[in-house]
Each structure stands twice: as C-alpha cells, then as structure tokens.
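Counting with my numbering, you get residues 98 to 362 for the letters of the sequence shown.
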Amino acid sequence: MANTEPGGETSNFDIQSVSRVGQILSLFGPRTVELTAADIAERVGLNRTTAYRYAMSMVTAGILERGTRKGAFTLGGLLLQLGIHALHRKRVVDIAPGYLDELARTSGATAVLSLWGIDAPVVALVQEDPARTVHVTVRPGTQLDLSASQTRVFLAHLTDHLTVERTMEPLPAPQRAELEAAIYTARRTGYYVSKLPDGIYGAAAPVFDEHGICATVALLGSELGADLSPGSPLLSALTSTAAALGAELAGREGAPNAQLRRVAE
Numbered sequence: 098m099a100n101t102e103p104g105g106e107t108s109n110f111d112i113q114s115v116s117r118v119g120q121i122l123s124l125f126g127p128r129t130v131e132l133t134a135a136d137i138a139e140r141v142g143l144n145r146t147t148a149y150r151y152a153m154s155m156v157t158a159g160i161l162e163r164g165t166r167k168g169a170f171t172l173g174g175l176l177l178q179l180g181i182h183a184l185h186r187k188r189v190v191d192i193a194p195g196y197l198d199e200l201a202r203t204s205g206a207t208a209v210l211s212l213w214g215i216d217a218p219v220v221a222l223v224q225e226d227p228a229r230t231v232h233v234t235v236r237p238g239t240q241l242d243l244s245a246s247q248t249r250v251f252l253a254h255l256t257d258h259l260t261v262e263r264t265m266e267p268l269p270a271p272q273r274a275e276l277e278a279a280i281y282t283a284r285r286t287g288y289y290v291s292k293l294p295d296g297i298y299g300a301a302a303p304v305f306d307e308h309g310i311c312a313t314v315a316l317l318g319s320e321l322g323a324d325l326s327p328g329s330p331l332l333s334a335l336t337s338t339a340a341a342l343g344a345e346l347a348g349r350e351g352a353p354n355a356q357l358r359r360v361a362e
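#1: What residue range is occupied by the uninterrupted alpha helix (DSSP H) comprising residue 207?
#2: Spatial neighbours of residue 189 within its chain, please: C-beta separation below 8 Å, excluding the five flanking residues on both sides.
#3: State the beta-bridge partners of residue 371 as determined by DSSP.
#4: Please return the same chain residues whose Cβ sits closer than 7 Å to the Cβ of residue 357, not counting the five positions on each side in sequence.
#5: May I have the straight-line CA-CA distance separating residue 308 from residue 284, to the nearest angstrom?
#6: Under three-state DSSP, which class holds residue 116?
#7: Determine the DSSP secondary structure at residue 297, reduced to helix, strand or coil.
#8: If you check the beta carbons only, do residue 246 and residue 315 fall under 9 Å apart?
#9: At the level of alpha carbons, what is the spacing between residue 321 and residue 158?
#10: Would you list, in sequence order, the uninterrupted alpha helix (DSSP H) runs of no fewer than 4 residues that lie entirely inside the segment 116-144?
#11: In whole angstroms, give me the CA-to-CA distance for residue 152 and residue 128.
#12: For residue 189, report the span of its alpha helix (DSSP H) as first-last.
#13: Within the same chain, show all residues whose beta-carbon is closer than 7 Å to that of residue 138, passing over the 5 residues directly before and after it, in chain order.
#14: Using 10 angstroms around the beta-carbon of residue 330, count the other beta-carbons present and answer buried if the total reaches 16, otherwise exposed.
#15: Spatial neighbours of residue 318 within its chain, please: C-beta separation below 8 Å, excluding the five flanking residues on both sides.
#16: How is the beta strand (DSSP E) around residue 230 delimited, first residue to last?
#17: Taking the Cβ atom as the reference point for each residue, do residue 163 and residue 156 lie within a distance shorter than 9 Å?
#18: So, helix, strand or coil for residue 323, using DSSP?
#19: Can the beta-carbon of residue 193 be found less than 9 Å from the beta-carbon of residue 226?
#20: Please report how far the alpha carbon of residue 172 lies from the alpha carbon of residue 326, in whole angstroms.
#21: Of all the options 332, 215 and 230, which has the alpha carbon lying nearest to the alpha carbon of residue 238?
#22: Please classify residue 162: does DSSP put it in a helix, a strand, or coil?
#23: Quick one, which of 258, 161 and 141 has its alpha-carbon nearest residue 113's?
#24: In this structure, does DSSP put residue 218 in helix, strand or coil?
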C-alpha cells in the first residue's frame, strides 16, 4: 500500500524515493552501461546497503536488471520498452533519417539529430558520410554538455525560461556571460558553431514543429578544410535541412522529403 499523508497526498519519503530512482538512472549512459551497488552509493551519496536495496527493488520492477559482472546492474527491459515508445511519439525521429543521410553526403561530415532530455540535449540519431573512412562521430544516447552547439541552440529557443535560468545559475560569471552571448548569437543567426578540442567543430540548427523547438540538426567534423563562414555551402546545407525537416513536421505544402526524393532518383 502506498505510504500517504493525511488527505491522500504522497509522503515526503515517497517523493524522496522517486527522486533517488531518478538519480540512479541518470548515472547510466553510453560509457556507463553497468554499475555496482558500491558505484551507486558513492555517486549518489548513499550507504551501500541502501543503494543495494534500491537496486534490487528496481530489478523487481523491471527498471534495472542484473549485469554481466558479479554484483553489477544495468538498465532493464521496462526502460527499453518505454524508451522505444517515447521515441516513436517523436515524429521527428521517424522522418529525420533521410534528411540526415543526405546532409552527411552533401557536407562530408557526420549528421546528428538531438532531442531535449531532462536538462540537456541527448543524441538520438547519427549518420556518418559513407564516402569517408575516418569519421568524427558521437554515440546515440550521449548527453551533451554546455559547450555543444546543440545545447546552445536549444537554450536559445526553449520557451521554458526557468530551465534556461536553472542551467545558467551555477555558472561562474565569465562562463555565464559567454553562454548568454552564444545564446544571443544562435537566436540572431539561426545556427551556432562550436569550436571543440583537437580541431573539431560542431554546428547546429533548430528544428521547429507546431509547438516550438523539438530537435536540433548538427554537423560534426574536422575544422581542417571546413568553410564555417556565414553563408557557406556547409552552413547553408545545415540550416536548409533543419528548415525542411521542420516544414515536413508542420505539414507545410512543398516541404521536401529527402527519403522520397532519393527513391525517385
């Protein structure tokens, strides 16, 4: 039976339990596929016994399952089921592959589609240029940080200003000022280019549906030989792809469909 306070409201204990489950789940990612109770305890700030009890309860609920290593846990079948369901509700994921394929071939770079997660963008789809043998790429499921062009484009267009403010609040003044300037640039130009370590660039543009920004389309590649000047063919291909994808989502007449066009050719 649920633990409730008088009046039928959920107790603080239950609310904390839900929060703890969320904290534990957020520890997993493309580079962290398994965690032990000791790992969970250290990263969440629990004792090992409590962390183990949480993990076992989540196994019973299908949220986690036993990992390949002794004493390890990994994401469970329930999350896989819900994740697939959630992605299928995002129509942009269904129609984006053709656009990404054409963009990767046109630009010679890696094309990426990202969606907004809890508090940051998450990579949903990646398409590499098949003509290249060496790729700059990113794994689907990667949560992007504040330096990513996709993050800055999202922050420029999110209508939830509390989310934007919460993202900026912990930043030191110089970093906050730099991020605010980047957000302004992304709004003004319709795209954003980030210069990343090791001579890598990331360029992103927003995709809008009838509710506002729903995704970003991005290119990842080497700065060597890449024309990233305003109006360059590379940036024009990026912004045109994002606009065409948004037009199809909105059902506007004349919106190009890369998949159908490629079949026709």
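Cβ atoms here follow ideal geometry from the backbone N, Cα and C, with glycine treated the same way.
Remember, predicted model here, so these are calculated numbers, not experimental data.
Put simply:
#1: As a first step, residue 207 must be located in the sequence shown, where it is residue number 110. For residue 207, no alpha helix (DSSP H) segment is defined; the enclosing uninterrupted segment is the beta strand (DSSP E) at 207-213.
#2: In the sequence shown, the residue the question calls residue 189 occupies position 92. For residue 189, the CB contacts under 8 Å within the same chain, skipping 5 residues up- and downstream, are 210, 212, 304, 306, 311, 312, 342 and 346 in chain order.
#3: Coverage of the chain is limited to positions 98 through 362, which leaves residue 371 absent and any answer about it impossible.
#4: Stepping through the sequence shown from its first residue, residue 357 is reached at position 260. Because the pLDDT at residue 357 is just 36, under 50, the model does not fix this residue reliably, and the point stays unresolved.
#5: Here the question's residue 308 lines up with position 211 in the sequence shown. Here the question's residue 284 lines up with position 187 in the sequence shown. Answer to the nearest angstrom: the Cα atoms are 17 Å apart.
#6: Locating residue 116 in the sequence shown gives position 19, where the first residue counts as 1. It is helical.
#7: Walking along the sequence shown from the start, residue 297 turns up at place 200. Three-state result, residue 297: strand.
#8: On the sequence shown, residue 246 is found 149 positions in, with the first residue counted as 1. On the sequence shown, residue 315 is found 218 positions in, with the first residue counted as 1. Taking a C-beta distance under 9 Å as the contact criterion, residue 246 and residue 315 qualify as a contact pair.
#9: Your numbering for residue 321 matches position 224 in the sequence shown. Your numbering for residue 158 matches position 61 in the sequence shown. Here the alpha carbon of residue 321 sits roughly 50 Å from the alpha carbon of residue 158.
#10: Fully enclosed alpha helix (DSSP H) runs of 4 or longer: 134-141.
#11: Taking the first residue of the sequence shown as position 1, residue 152 is located at position 55. Taking the first residue of the sequence shown as position 1, residue 128 is located at position 31. Our two residues, residue 152 and residue 128, have alpha carbons roughly 19 Å apart in a direct line.
#12: As a position in the sequence shown, residue 189 is number 92, starting the count at 1. Residue 189 -> alpha helix (DSSP H) spans 188-204.
#13: Numbered from its first residue, the sequence shown carries residue 138 at position 41. Taken in chain order, the residues that qualify are 144, 145 and 148.
#14: Position 233 of the sequence shown holds residue 330. Its Cβ having fewer than 16 others within 10 Å, residue 330 is exposed.
#15: Walking along the sequence shown from the start, residue 318 turns up at place 221. Within the same chain, Cβ atoms closer than 8 Å to the Cβ of residue 318 are found at 204, 205, 206, 207, 233, 297 and 298, the five residues on either side in sequence being excluded.
#16: Numbered from its first residue, the sequence shown carries residue 230 at position 133. That residue, residue 230, is in no beta strand (DSSP E); it is neither H nor E in DSSP.
#17: What you label residue 163 is simply residue 66 of the sequence shown in a count that begins at 1. What you label residue 156 is simply residue 59 of the sequence shown in a count that begins at 1. Less than 9 Å separates the beta-carbon of residue 163 from that of residue 156.
#18: Start at 1 with the first residue of the sequence shown, and residue 323 comes out as number 226. Residue state for residue 323 is assigned as coil, using DSSP reduced to three classes.
#19: Translated into positions along the sequence shown, residue 193 becomes position 96. Translated into positions along the sequence shown, residue 226 becomes position 129. Contact flag unset, no.
#20: Here residue 172 refers to the residue found at position 75 when the sequence shown is read from its first residue. Here residue 326 refers to the residue found at position 229 when the sequence shown is read from its first residue. One C-alpha to the other measures close to 43 Å.
#21: Looking up residue 238 in the sequence shown gives position 141. For the set 332, 215 and 230, the Cα lying nearest the Cα of residue 238 is the one of 215.
#22: Taking the first residue of the sequence shown as position 1, residue 162 is located at position 65. Strand.
#23: Mapped onto the sequence shown, residue 113 falls at position 16. Minimum Cα distance to residue 113 is reached at 141.
#24: As a working note, residue 218 is residue 121 in the sequence shown. Residue 218: strand per DSSP, three-state reduction.
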